[in-house]
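A.B. asks: Got a structure for you, questions after.
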Amino acid sequence: MKLTINKNQLHDNSSVFMRRAGYAYLHDRRAGQDSYARRLTQNYYPRLHCYIFEQGGQVTFNLHLDQRATRYEGQTAHAGEYDSPIVQEELDRLQNIIDNQEPSESFGDVAQEKKSGKKWWPFK
6 MKLTINKNQL
16 HDNSSVFMRR
26 AGYAYLHDRR
36 AGQDSYARRL
46 TQNYYPRLHC
56 YIFEQGGQVT
66 FNLHLDQRAT
76 RYEGQTAHAG
86 EYDSPIVQEE
96 LDRLQNIIDN
106 QEPSESFGDV
116 AQEKKSGKKW
126 WPFK
């Protein structure tokens, strides 16, 4: 399933957003693709697996559920579910995070605090 939003709806870039949503970065060296995964148990599978495509002013999250790894070497097929209730619930969760996200602090904010004389470093 896919979720497409306007790029300006994200307060951070898509990589930071996915990490804050509980996903880990994955890079497939063979395919040369970047993606993100979120485990549903302590095991590696099943997991939610998301590819992100940015084009123009839009970001598309292409999400599916990997039930298990490929069984045979050289195969790319897996037991993926693309329109299950779990996938829909996760897309709803991501949309909720997007709708309720807070702007993150950037280094510019720290520099501004430093100029204003406020304490910007939390440690002594």
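In terms of the working numbering, the sequence shown opens at residue 6 and continues consecutively.
C-beta atoms are modelled at their ideal positions from N, C-alpha and C, and glycine is treated no differently.
Since this is a predicted model, take the numbers as computed values, not measurements.
#1: Pull up the distance between the alpha-carbon of N105 and that of Y49, whole angstroms please.
#2: Give the straight-line distance between the Cα atoms of L70 and Y87, rounded to the nearest whole angstrom.
#3: How big is the Cα-Cα spacing for D33 and V21?
#4: Could you tell me whether the Cβ atoms of L68 and L53 are closer together than 8 Å?
#5: May I have the straight-line CA-CA distance separating T65 from I103, to the nearest angstrom?
#6: In the DSSP assignment, find the unbroken beta strand (DSSP E) run with S89 in it and report its ends.
#7: Along the chain, where does the beta strand (DSSP E) containing R35 start, and where does it finish?
#8: Is DSSP giving R73 helix, strand or coil here?
#9: Tell me where the beta strand (DSSP E) around K7 begins and ends.
#10: Where does the unbroken beta strand (DSSP E) through Y49 begin, and where does it stop?
C.D. replies: A quick look at the data gives this:
#1: Translated into the one-based positions of the sequence shown, residue 105 becomes position 100. Translated into the one-based positions of the sequence shown, residue 49 becomes position 44. Computed Cα separation, rounded: 29 Å.
#2: One-based indexing of the sequence shown puts residue 70 at position 65. One-based indexing of the sequence shown puts residue 87 at position 82. So the two alpha carbons sit approximately 6 Å from each other.
#3: As a first step, residue 33 must be located in the sequence shown, where it is residue number 28. As a first step, residue 21 must be located in the sequence shown, where it is residue number 16. If you take the alpha carbons of D33 and V21, they lie about 19 Å apart.
#4: For the purposes of this step, residue 68 is taken as residue 63 along the sequence shown, with counting starting at 1. For the purposes of this step, residue 53 is taken as residue 48 along the sequence shown, with counting starting at 1. Taking 8 Å as the Cβ cut-off, L68 and L53 qualify as a contacting pair.
#5: Numbered from 1 along the sequence shown, position 60 holds the residue referred to as residue 65. Numbered from 1 along the sequence shown, position 98 holds the residue referred to as residue 103. Here the alpha carbons of I103 and T65 stand approximately 13 Å from one another.
#6: Taking the first residue of the sequence shown as 1, we reach residue 89 at position 84. From DSSP, S89 is part of no beta strand (DSSP E); its letter is neither H nor E.
#7: Sequence index remark: in the sequence shown, residue 35 carries index 30 (1-based). Here R35 belongs to no beta strand (DSSP E), and DSSP marks it neither H nor E.
#8: In the sequence shown, the residue the question calls residue 73 occupies position 68. Here R73 sits in coil by DSSP.
#9: Indexing the sequence shown from 1 puts residue 7 at position 2. That run of the beta strand (DSSP E) goes 7-11.
#10: Stepping through the sequence shown from its first residue, residue 49 is reached at position 44. Premise fails: Y49 is in no beta strand (DSSP E) and is neither H nor E.
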